[in-house]
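Per UniProt numbering, residue 1 is the first one in the sequence shown, and the count goes up by one each step. Here a beta-carbon is modelled for each residue, glycine too, at the ideal position from N, C-alpha and C. Below is one structure, written out as structure tokens; the observations come after it.
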Amino acid sequence: MELRKSYFADQRKDDLHEIGQPRPRSDSPGHVTGKTAYFADRNFPAMLHLKMVRSPHHHARIRSIDISEAEMHPGVVKILTAKDVPHNVYTILILIQIGPEDETVLADGKVRWKGEAVVAVLAETERAAHEAAAKVKVDYEVLPAVFDMEEALKPGAPVVNEYHGRNYYLYDSGECRKVRFGDVEAGFAGADHVLEQTYQSSPIEHAPTETTGCIVAPEGNDRFTCYTNTQAMFFTLDNASIILQMPGNRLHFVGGTVGGGFGGKVDVIVEPIAILGAKLTGRPVSFIYSREEEMQISSPRAAEKVVIKDGVMKDGRIVARKVTGYTDAGAYSRHSPYGAQKGAGHYPGPYTIPNVWIDTYCVYTNRTPSSAMRGFGVTIGDFALEVQMDKLARLIGMDPLEFRFINAYRDGDMKAHRQPTEGAALIECMQEASRAANWPVAEKFMAMSSYAKGA
């Protein structure tokens with residue numbers, strides 16, 4: 001790695017002992033020698049194994065649940081249904097006042113996606129739990145399902161989630177998160193060229209080496225230790241406290257070592273029900289996803305659709321940008337309302353555009369609930385924006401890198417969400433990229449600076 005310290009030298013201290021200095025990761029020796037302990041490396045006497053009965057349907061009403069045969073299966077200790085969960089309806093972002101609570105720990109009266117948890121079986125062995133789960137009888141009335149975001153938004157579409165009463169998240173700005181800056185229609189009217197393109201992505205599974213899971217051990221006096229691979233320790237603890245209606249000081253979470261996460265282990269799914277199982281049985285409980293469950297049940301990156309309409313001048317200036325973004329939350333909110341909001345702030349891209357119109361929708365469908373994954377709400381938008389930039393450059397016959405230099409935001413420029421740009425460094429990054437790639441650009445662009453428009 002080469003560090004170019006000539007840039008922004010007046011804004012940086014080089015005499016710091018830790019920041020800016022190469023340091024080995026403290027956990028690297030354990031990883032490469034096989035000494036790192038993961039949550040599943042723990043074993044406790046008399047530990048129970050939890051397996052879920054999951055919905056085979058994308059959308060159905062639960063008529064009845066019969067656990068009588070499963071309860072008689074050898075090795076079964078406890079079977080849990082929705083009525084056993086103290087606070088069964090929750091949403092993980094309620095901690096930051098993003099509601100309503102819209103997701104069930106165990107399905108109650110209805111399932112909204114294929115794979116939704118309905119019944120939890122705790123048994124002496126994994127085999128016994130699997131066999132007993134297969135003996136649980138659930139009578140379903142299959143309902144119409146919707147899988148396409150635009151279809152879900154049409155009048156008369158099946159309502160996915162009654163806790164919302166509509167198939168979109170309601171922001172304080174209405175049915176979508178809105179950004180308005182300048183007069184976008186006037187910008188299009190005055191542009192030399194207008195280009196509108198649509199970009200789509202499918203859900204993406206994180207596929208971590210270590211599947212999602214936890215082990216919970218009772219400590220006595222109604223206290224529990226949860227060994228987990230969550231990426232959001234306190235977020236998970238606080239949500240578990242709400243779901244279990246249990247003071248947080250009775251829950252001790254131990255984690256920090258994650259065998260691959262990428263954002264896929266921030267949802268609060270396995271810990272609350274495992275703690276409840278330990279509480280009701282007085283025994284340690286292990287709840288670990290199989291590989292099949294990890295691929296089908298864990299939250300993927302959301303499917304997205306992005307429609308970008310740009311007005312551009314022959315000299316390369318983008319004078320108007322209109323973006324409509326759709327984020328497929330699946331059946332429940334989880335982190336998707338936040339992801340769609342991030343997109344609204346980001347979709348104009350790192351470019352100074354005088355007229356901007358953004359609408360981003362968080363849409364509910366009968367698909368697996370989506371959630372966080374490496375820059376969620378932004379990554380797919382970046383792909384769409386930068387492909388669009390290349391198309392615009394070709395449209396006007398301009399080098400794509402020089403086209404970006406012309407439109408790049410610089411310190412002091414006002415962004416579409418009305419925050420002034422600070423510490424941009426985009427110009428300098430593109431200059432170094434040009435040198436590294438041996439991509440020739442005009443000297444006037446190599447002389448530019450992020451500090452000021454005149455430079």
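Is the Cβ-Cβ distance between residue i and residue j less than 8 Å?
i: residue 448; j: residue 403; result: no
i: residue 275; j: residue 244; result: yes
i: residue 338; j: residue 93; result: yes
i: residue 299; j: residue 368; result: yes
i: residue 333; j: residue 192; result: no
i: residue 427; j: residue 442; result: no
i: residue 329; j: residue 302; result: yes
i: residue 110; j: residue 62; result: yes
i: residue 341; j: residue 177; result: yes
i: residue 385; j: residue 349; result: yes
i: residue 140; j: residue 70; result: no
i: residue 273; j: residue 77; result: no
i: residue 82; j: residue 108; result: yes
i: residue 224; j: residue 195; result: no
i: residue 167; j: residue 364; result: yes
i: residue 170; j: residue 158; result: no
i: residue 266; j: residue 234; result: no
i: residue 131; j: residue 55; result: no
i: residue 279; j: residue 198; result: no
i: residue 396; j: residue 307; result: no
i: residue 258; j: residue 231; result: yes
i: residue 220; j: residue 237; result: no
i: residue 135; j: residue 57; result: no
Can you tell me which residues form a DSSP beta bridge with residue i?
i: residue 196; result: 309
i: residue 177; result: 360
i: residue 224; result: 218, 251
i: residue 328; result: 363
i: residue 48; result: 285
i: residue 321; result: 310, 356
i: residue 420; result: 414
i: residue 67; result: DSSP lists no partner for residue 67.
i: residue 301; result: 204, 371
i: residue 213; result: 288
i: residue 60; result: 111, 142
i: residue 456; result: As displayed, the chain neither begins before 1 nor continues past 455, which places residue 456 out of reach and without an answer.
i: residue 351; result: 408
i: residue 171; result: 174
According to the neighbour-count rule (16 or more other Cβ atoms, all chains shown, within 10 Å of its Cβ), is residue i buried or exposed?
i: residue 401; result: buried
i: residue 31; result: exposed
i: residue 10; result: exposed
i: residue 6; result: exposed
i: residue 310; result: buried
i: residue 213; result: buried
i: residue 229; result: buried
i: residue 37; result: exposed
i: residue 209; result: exposed
i: residue 114; result: buried
i: residue 435; result: exposed
i: residue 314; result: exposed
i: residue 388; result: buried
i: residue 450; result: buried
i: residue 80; result: buried
i: residue 366; result: buried
i: residue 174; result: exposed
i: residue 23; result: exposed
i: residue 65; result: buried
> Is the region 309-328 touching the region 348-364 in the sense that three or more CB pairs, one from each, lie closer than 8 Å?
Replying inline: Using a Cβ-Cβ distance cut-off of 8 Å, the region 348-364 and the region 309-328 are in contact, since at least three pairs of beta carbons, one from each stretch, lie closer than that value.
> Are the region 51-63 and the region 106-122 in contact at 8 Å, needing three or more beta carbon pairs?
Replying inline: Cβ pair count under 8 Å is three or more, so yes.
> Can we say the region 236-252 touches the region 81-97, given the rule of at least three CB pairs closer than 8 Å?
Replying inline: As far as the Cβ criterion goes, the region 236-252 touches the region 81-97, which means the pair count is three or higher.
>> Report the start-end ranges of each alpha helix (DSSP H) in the region 69-141 that is 4 residues or longer and not cut off at the edges.
In response: Every alpha helix (DSSP H) of 4 residues or more that sits fully in the region 69-141 is shown, in chain order, as 126-133.
>> For a minimum of 4 consecutive residues, which ranges assigned as the alpha helix (DSSP H) are wholly contained in the region 361-398?
In response: For the region 361-398, whole alpha helix (DSSP H) runs of length 4 or above, ordered along the chain, are 379-395.
> So does the region 255-268 actually touch the region 369-378, counting three or more Cβ pairs closer than 8 Å?
Replying inline: Taking 8 Å as the limit for Cβ pairs, the verdict is that the region 369-378 does touch the region 255-268.
> Is the region 410-428 in contact with the region 179-186, if contact means three or more CB pairs nearer than 8 Å?
Replying inline: Contact holds: three or more Cβ-Cβ distances are below 8 Å.
>> Does the structure place the region 277-290 close enough to the region 157-169 that three or more beta carbon pairs sit under 8 Å?
In response: Per the Cβ contact rule, the region 157-169 is not in contact with the region 277-290 (fewer than 3 Cβ pairs under 8 Å).
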